[in-house]
Amino acid sequence: SSGQQQDEDESDAQYDDGPAYEVTQGRLVQGHIVDDDYPSPATSTAGGSSREEPDPMTMSHASSFFAHPPNHAEPAPHALGGSGDAEAESDEEEDTLKDPKVEHMITLVGDVRNRTVFIVDDMIDKPGSWIAAAETVVKKGHAKKVYCIATHGVFGGDCLEQMQAC
Numbered sequence: 001s002s003g004q005q006q007d008e009d010e011s012d013a014q015y016d017d018g019p020a021y022e023v024t025q026g027r028l029v030q031g032h033i034v035d036d037d038y039p040s041p042a043t044s045t046a047g048g049s050s051r052e053e054p055d056p057m058t059m060s061h062a063s064s065f066f067a068h069p070p071n072h073a074e075p076a077p078h079a080l081g082g083s084g085d086a087e088a089e090s091d092e093e094e095d096t097l098k099d100p101k102v103e104h105m106i107t108l109v110g111d112v113r114n115r116t117v118f119i120v121d122d123m124i125d126k127p128g129s130w131i132a133a134a135e136t137v138v139k140k141g142h143a144k145k146v147y148c149i150a151t152h153g154v155f156g157g158d159c160l161e162q163m164q165a166c
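Using full-length UniProt numbering, you'd call the opening residue of the sequence shown number 1 and step up by one each time.
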């Protein structure tokens with residue numbers, strides 16, 4: 001019947017997999033979303049990353065992406081598969097997120113208004129980036145509920161308590 005077809009069309013439109021046209025940005029100060037009129041700290045990372053990453057276009061071999069290149073004891077610094085010191089990088093990212101002198105921009109692509117949002121990653125060890133993402137979808141995107149899901153819930157220190165308080 002045409003009434004049933006209309007209901008199905010409306011249902012499909014609600015969960016469209018088409019391109020996302022809505023882009024929302026938020027300002028992060030000390031790891032939390034702030035209002036647009038909040039005073040800016042001395043430093044901003046809005047223009048890009050605060051640390052220098054190697055340019056993959058300048059590398060000579062595709063094999064350099066693997067963790068242990070031939071004849072090398074140490075993994076390449078840009079390698080995939082667990083290279084480098086993940087804990088040190090995580091600590092550095094967490095410290096930068098909470099630094100009161102540094103402002104970051106976070107971007108939400110898509111419309112989450114009045115929807116439930118699932119944030120999925122491989123590990124939750126520190127709360128900073130998770131809280132920033134959750135606050136962004138709720139405060140800027142107006143999501144109704146957020147679930148944080150990870151394969152490995154390490155929850156270092158008071159991570160779980162901070163996330164629950166968010």
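The C-beta atom is built at its ideal place from N, Cα and C for all residues, glycine as well.
Query, Result
"Between which two residues does the beta strand (DSSP E) carrying E103 extend?", "102 to 109"
"Whole angstroms are fine: how far does the CA of Q30 sit from the CA of Q162?", "14 Å"
"Locate the alpha helix (DSSP H) running through G128, then write down its first and last residues.", "128 to 135"
"Among P19, E94, G18, whose alpha-carbon lies nearest the alpha-carbon of residue 218?", "Given that the chain is displayed from residue 1 to residue 166, the structure contains no residue 218 and the question cannot be resolved."
"Assign E92 to buried or exposed, taking buried as 16 or more other Cβ atoms, counted over all protein chains shown, within 10 Å of its Cβ.", "exposed"
"Looking only at its own chain, which residues have a Cβ that is under 8 Å from the Cβ of R113, when we skip the five neighbours before and after it?", "G141, H142, A143"
"I149 and V120 look like a contact to me (Cβ under 8 Å); what is the Cβ gap, rounded to whole Å?", "5 Å"
"Three-state secondary structure (DSSP) at C159?", "helix"
"Please list, in chain order, all residues of the same chain as T24 whose beta carbon is under 6 Å from its beta carbon, the five residues on each side excluded.", "L108, K140, G141"
"Kindly identify the DSSP beta-bridge partner or partners of R115.", "Answer is none; R115 lacks a bridge partner."
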